[in-house]
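>
There are 2 protein chains.
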Amino acid sequence: MGVTIHDVAKRAGVSPATVSRVLNDRPGIRAETRERVLKAARELGYIPDFSARSLATKRTHTLGFLVHARHSLSSHSFYGQVLAAAEKEARQHGYHLLFSTVHDEAPLMLEEQRVEGLILAGCDIPRALILHLKHSGVPFVLVDNHLPGVNSIVIDNEGGAYEAVSHLIRLGHREIGFLCEWMEDLSFAERFAGYKRALQDHGLPYRPELVAEGEPRTPGSGYIAAQRLLQKARPSAVFVANDLTAVEAMRAFREAGLDIPKDIAVVGFDDGDLAPVAYPPLTTVRVFRDALGIQAVRRLLYIIEHPSTPPLQIRVFTKLIIRESCGTPLHAQLPPMPADAGA
Amino acid sequence: MGVTIHDVAKRAGVSPATVSRVLNDRPGIRAETRERVLKAARELGYIPDFSARSLATKRTHTLGFLVHARHSLSSHSFYGQVLAAAEKEARQHGYHLLFSTVHDEAPLMLEEQRVEGLILAGCDIPRALILHLKHSGVPFVLVDNHLPGVNSIVIDNEGGAYEAVSHLIRLGHREIGFLCEWMEDLSFAERFAGYKRALQDHGLPYRPELVAEGEPRTPGSGYIAAQRLLQKARPSAVFVANDLTAVEAMRAFREAGLDIPKDIAVVGFDDGDLAPVAYPPLTTVRVFRDALGIQAVRRLLYIIEHPSTPPLQIRVFTKLIIRESCGTPLHAQLPPMPADAGA
DNA sequence: AACCTTTCCGAAATCGCTTTCAAAATGCAT
DNA sequence: ATGCATTTTGAAAGCGATTTCGGAAAGGTT
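Right, dumping it as structure tokens:
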């Protein structure tokens, strides 16, 4: 316990400097000496001390991964997967991840020499914090969040939503609702924009009475949103801004006597754990969580190596996953399927 | 960027040693001097360098949090919540968390001076690794896993299961099935044990044809398990070893024309994100994820401070959460509810 | 054999903080 | 005032690496 570079040096009959050199693959070491040192190190089970090394090199080979402390329940799973992917990627580059929740303002003591850069995940990271970081020049990237001029990895919320409601339209729906937890959330706002653009591009009017939101951060928010929607209108389909809300909404629909997808089709967003096991299995927009994690660390590492690289926004596209919550094309219901005709 | 203890010393007109002392609340400093130093430090925005400090003190104030790389999908959410709680608790003690997935054997370079202890979460942590750690004397605790003689925080799987099936029995069920992904998993085995004990304690026979497992790590495992069960028997209720599996099983039941809970009652285990939004909302056994995280870091911190403390197993109890997947007492169906009688 | 390059390697300084040890300052009693 | 016991403080030695700089060894030429 505690074999230092000195011990290795002594055993190999060289100086600590030489040991350091061979262990760090520095040039200018005779092959024979290198072998001798390597052997000594191996025999002694030498492992360089992390603190000493980073004190000398000013590099910690560590990245901070921050999520906001209070975020919706479902996002535990979401960011958990981003985190896992990020860790895997980081590990491949010889980096470690320091995980932390950011509490309100979070002075971020950690950024002071403990980590080389930060990954901030989620759109509820305080804007003030982001601006502070940007100002202070620390390398960092945002994930699932963005701000002009800062490096970020974003989900194609608008495009994903567009595709989702286009799908609904293609199925023959004309009165398509939009549901979300609350509009203030950046992601939801973007998904809402995609919803509206799809409507417009297909010549459908945007009708405010077809959209409803729930209560900011309360469980059952989707249930509430759906009830509110039902009081105002009776769309034949809804696009819901995330899976959890969608599943809750489906419950409300069912309780209102509506069959899914026959009476009302629903598509969600995220394709997390819930979607495949929902009843009925939820058609939804898949967001590639690992891609978010992987890209985040790649980008961050690049920024660290090239500090003056101009900021970039990296957009990871989504994919519509069709399951059963939208059923078959609406019009197909009028003329029954050939095979069914005889039955 | 880079104000050191020397700068503070110079500005306060004292030596670095003195600065170090006041910043670490060491005794023997005149109040007046202390103020002067504090003021200088504040004005300069001094922040101690992490590496330098830990090199000198041999303490990193960092804990490693490890989960196995390949674990069932649903557990992302589960351990995400444990992690978040652990981080919060650690932070309150001035500690940070280094997150990592352990890949197969994982040499764990990190334990060499980077972290003061390890939290290993999940029961798929390789046993060899645990034994190695135990042998090497590193402070560590297991979460949701255990081994004789090692510190661990465990879920009361057996008790939770016992309570769950007791509930089913209380409702009047006599033929109760057991479903899980695969029996080799430690947690599932314990839940199975609880199932059997409940049967026995209530004078019901254990019938092997009432238990079925799915496929080890494949999605839809619960669906498969349920199908297998249905081929062998037709219980009036099932206890399923975890929520995801339960939800998948419910789907299979529904497809087999069974109504839940009328034809078959089901209760799960975990009470994760899925349970409340399942259809129907799942009666299940809640495991307190934050308690797991909190206790893990508390225990680990204690071990670090008192290295020779004897190993402990800490069991966190569960709680049966009643929702709708079990319906009302079986016998109550015969004589309809008074209020309904007239309808 | 003497000399000049190159190639290798070691001494020592450094990174920023903690801590021991002894000296300086202070307080108190005489 | 003087002496002694206490408090306070500073100088310097680590902690365990890396890295600069110059000297020693090795290799090549006349």
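Sequence order for the protein chains is A and B. So that you can map any letter, position 27 of the first sequence is 27 in the numbering used here, and since no number is skipped, the others follow by simple counting. Start counting at 1 in the second sequence, then tack on 1000, and there's your number in the numbering used here. Think of the CB as a built atom: it goes at the ideal place given N, C-alpha and C, for glycine as much as any other residue.
Just to check my reading of the structure: L179 (chain A) and L229 (chain A) have Cβ atoms closer than 8 Å, yes? What is that Cβ distance to the nearest angstrom?
Numbered from its first residue, the first sequence carries residue 179 (chain A) at position 179. Numbered from its first residue, the first sequence carries residue 229 (chain A) at position 229. Yes, L179 (chain A) and L229 (chain A) are in contact; Cβ-Cβ is about 6 Å, under 8 Å.
> Give me the Cα-Cα distance between R299 (chain A) and L133 (chain A), rounded to the nearest whole angstrom.
For the purposes of this step, residue 299 (chain A) is identified with residue 299 of the first sequence, where counting begins at 1. For the purposes of this step, residue 133 (chain A) is identified with residue 133 of the first sequence, where counting begins at 1. Answer to the nearest angstrom: the Cα atoms are 16 Å apart.
> Going along chain A, which residues have a C-beta under 7 Å from D1124 (chain B)?
Sequence index remark: in the second sequence, residue 1124 (chain B) carries index 124 (1-based). Within 7 Å Cβ-Cβ: nothing; D1124 (chain B) doesn't reach chain A, min ~14 Å.
> Taking just the CA atoms, how far does Y1302 (chain B) sit from D941 (chain B)?
Absent from the model: residue 941 (chain B). The displayed extent of chain B is 1001 to 1343, so no value can be given.
> Decide if the stretch 1194 to 1201 of chain B is in contact with the stretch 1161 to 1174 of chain B; the criterion is three or more beta carbon pairs, one per stretch, under 8 Å apart.
yes
> In the structure shown, what three-state DSSP assignment does F239 (chain A) receive?
For the purposes of this step, residue 239 (chain A) is identified with residue 239 of the first sequence, where counting begins at 1. Strand, per DSSP.
> Assess contact between the stretch 57 to 70 of chain A and the stretch 115 to 124 of chain A, defined as three or more Cβ pairs (one per stretch) separated by less than 8 Å. Is contact present?
When C-beta atoms of the stretch 57 to 70 of chain A are compared with those of the stretch 115 to 124 of chain A, three or more pairs fall below 8 Å, so the two segments count as touching.
> Near T245 (chain A), which residues of its chain fall below 8 Å by C-beta distance, leaving aside the five closest residues on each side in sequence?
By 1-based counting over the first sequence, the position of residue 245 (chain A) is 245. Closer than 8 Å at the Cβ level, and outside the excluded window around T245 (chain A), lie L179, C180, E181, G214, S221, G222, A225 and G268.
> What residue range is occupied by the uninterrupted beta strand (DSSP E) comprising F1065 (chain B)?
Within the second sequence, the letter at position 65 stands for residue 1065 (chain B). It spans T1062 to H1068 - the beta strand (DSSP E) in which F1065 (chain B) sits, taken as one unbroken run.
> Note down the Cα distance separating T309 (chain A) from I176 (chain A), rounded to an integer number of angstroms.
As a position in the first sequence, residue 309 (chain A) is number 309, starting the count at 1. As a position in the first sequence, residue 176 (chain A) is number 176, starting the count at 1. About 43 Å.
> What residue range does the alpha helix (DSSP H) around T1033 (chain B) cover?
Residue 1033 (chain B) sits at position 33 when you count from the first residue of the second sequence. It spans A1031 to L1044 - the alpha helix (DSSP H) in which T1033 (chain B) sits, taken as one unbroken run.
> Would you identify the three-state DSSP class for F1099 (chain B), choosing helix, strand or coil?
Sequence index remark: in the second sequence, residue 1099 (chain B) carries index 99 (1-based). F1099 (chain B) falls in the strand class under three-state DSSP.
> Name the chain A residues whose beta carbon is nearer than 8 Å to that of P988 (chain B)?
Outside the displayed range of chain B (1001 to 1343) lies residue 988 (chain B), so it cannot be described from this structure.
> For D185 (chain A), collect the residues of the same chain with a Cβ closer than 7 Å to its Cβ; drop the 5 residues on either side in sequence, then sort them by chain order.
Here residue 185 (chain A) refers to the residue found at position 185 of the first sequence. C123, listed in sequence order.
> Buried or exposed: D1201 (chain B), going by 16 or more other Cβ atoms within 10 Å of its Cβ?
As a first step, residue 1201 (chain B) is located in the second sequence; it is residue number 201 there, counting from the start. When all chains shown are included, D1201 (chain B) counts as exposed.
> Between the Cα of G1045 (chain B) and the Cα atoms of B:D1007, B:I1260, B:P1016 and B:A1052, which residue gives the shortest distance?
Translated into the one-based positions of the second sequence, residue 1045 (chain B) becomes position 45. Measuring from the Cα of G1045 (chain B), the nearest candidate turns out to be B:D1007.
> For the beta strand (DSSP E) holding T1018 (chain B), just list the boundary residues, first then last.
Position 18 of the second sequence, counting from 1, holds the residue named residue 1018 (chain B). Looking at the DSSP string, T1018 (chain B) is not in any beta strand (DSSP E); the run it does join, the alpha helix (DSSP H), is P1016 to L1023.
> Pull up the distance between the alpha-carbon of L282 (chain A) and that of S236 (chain A), whole angstroms please.
Position 282 of the first sequence, counted from the start, is the residue given in the question as residue 282 (chain A). Position 236 of the first sequence, counted from the start, is the residue given in the question as residue 236 (chain A). Cα-Cα distance, rounded: 16 Å.
> Against chain B, does L100 (chain A) count as a neighbour if the rule is that its beta carbon must be under 9 Å from one of theirs?
By one-based count along the first sequence, residue 100 (chain A) stands at place 100. The sequence given here places Ser at residue 100 (chain A); Leu does not occur at that position. Yes, because at least one Cβ of chain B sits closer than 9 Å to the Cβ of S100 (chain A).
> Assuming S187 (chain A) is part of the beta strand (DSSP E), what are its boundary residues?
One-based indexing of the first sequence puts residue 187 (chain A) at position 187. Note, S187 (chain A): premise wrong, no beta strand (DSSP E); alpha helix (DSSP H) at L186 to D201.
> Is it right to say Q295 (chain A) is buried, meaning 16 or more other beta carbons lie within 10 angstroms of its own, or is it exposed?
Residue 295 (chain A) sits at position 295 when you count from the first residue of the first sequence. Looking at its Cβ environment, which holds 16 or more other Cβ atoms inside 10 Å, Q295 (chain A) is buried.
> When DSSP labels each residue in this structure, what does A1339 (chain B) get in the three-state scheme?
Locating residue 1339 (chain B) in the second sequence gives position 339, counting from the first residue. Its pLDDT being 38, under 50, A1339 (chain B) is placed unreliably in this model, and the value from its coordinates should be taken loosely. Helix at A1339 (chain B).
> Grab the span of the beta strand (DSSP E) containing V266 (chain A) for me, first residue to last.
Within the first sequence, residue 266 (chain A) is the residue found at index 266, counting from 1. Where V266 (chain A) is concerned, the enclosing beta strand (DSSP E) stretches over A265 to D270.
> In terms of residue numbering, what span does the beta strand (DSSP E) encompassing V316 (chain A) cover?
Residue mapping note: residue 316 (chain A) aligns to position 316 of the first sequence, counting from 1. Unbroken beta strand (DSSP E) run through V316 (chain A): Q313 to V316.
> Tell me the residue span of the beta strand (DSSP E) that contains R286 (chain A).
On the first sequence, position 286 is the one that residue 286 (chain A) refers to. If you look at R286 (chain A), you'll find it in the beta strand (DSSP E) that goes T283 to R286.
> Just checking: is the beta-carbon of V8 (chain A) within a distance shorter than 9 Å of some beta-carbon in chain B?
Position 8 of the first sequence, counted from the start, is the residue given in the question as residue 8 (chain A). Output row for V8 (chain A): interface = no.
> Output needed in chain order: residues of the stretch 76 to 91 of chain A with a Cβ under 8 Å from some Cβ in chain B.
If the cut-off is 8 Å between Cβ atoms, the stretch 76 to 91 of chain A has H76, S77, Y79, G80, Q81, L83, A84, E87, K88 and R91 near chain B.
> Please name the residue in A:V240, A:I130 and A:L55 whose C-alpha comes closest to that of H146 (chain A).
The residue labelled residue 146 (chain A) in the question sits at position 146 within the first sequence. Of the candidates A:V240, A:I130 and A:L55, the one whose C-alpha sits nearest the C-alpha of H146 (chain A) is A:I130.
> Which residues, in order along the stretch 1247 to 1262 of chain B, keep a beta-carbon less than 8 Å from a beta-carbon of chain A?
V1247, E1248, M1250, R1251 and R1254
> Can you list the residues of chain B that T60 (chain A) reaches, using a CB-CB cut of under 9 Å?
Position 60 of the first sequence, counting from 1, holds the residue named residue 60 (chain A). Neighbours of T60 (chain A) on chain B, chain order: F1050 and S1051.
> Can you list, in chain order, the residues of its chain with a C-beta nearer than 6 Å to that of P216 (chain A)? Leave out the 5 residues immediately preceding and following it.
Here residue 216 (chain A) corresponds to residue number 216 of the first sequence, with the count starting at 1. Closer than 6 Å at Cβ, skipping near neighbours: W182.
> Going by the beta-carbon positions, is the gap between D1270 (chain B) and D1243 (chain B) smaller than 9 Å?
Here residue 1270 (chain B) corresponds to residue number 270 of the second sequence, with the count starting at 1. Here residue 1243 (chain B) corresponds to residue number 243 of the second sequence, with the count starting at 1. Yes, Cβ-Cβ distance for D1270 (chain B) and D1243 (chain B) is below 9 Å.
> Which residues, in order along the stretch 1223 to 1242 of chain B, keep a beta-carbon less than 8 Å from a beta-carbon of chain A?
none
> Using CA atoms only, rank isn't needed, just tell me which of B:L1098, B:A1084, B:H1068 and B:H1096 is closest to P1126 (chain B).
For the purposes of this step, residue 1126 (chain B) is identified with residue 126 of the second sequence, where counting begins at 1. Checked all of B:L1098, B:A1084, B:H1068 and B:H1096; the closest Cα to P1126 (chain B) is B:H1068.
> Does the stretch 1030 to 1045 of chain B come close enough to the stretch 90 to 105 of chain A that 3 or more CB-CB pairs lie under 8 Å?
Note that the stretch 90 to 105 of chain A does not touch the stretch 1030 to 1045 of chain B; fewer than 3 beta-carbon pairs, one per stretch, sit closer than 8 Å.
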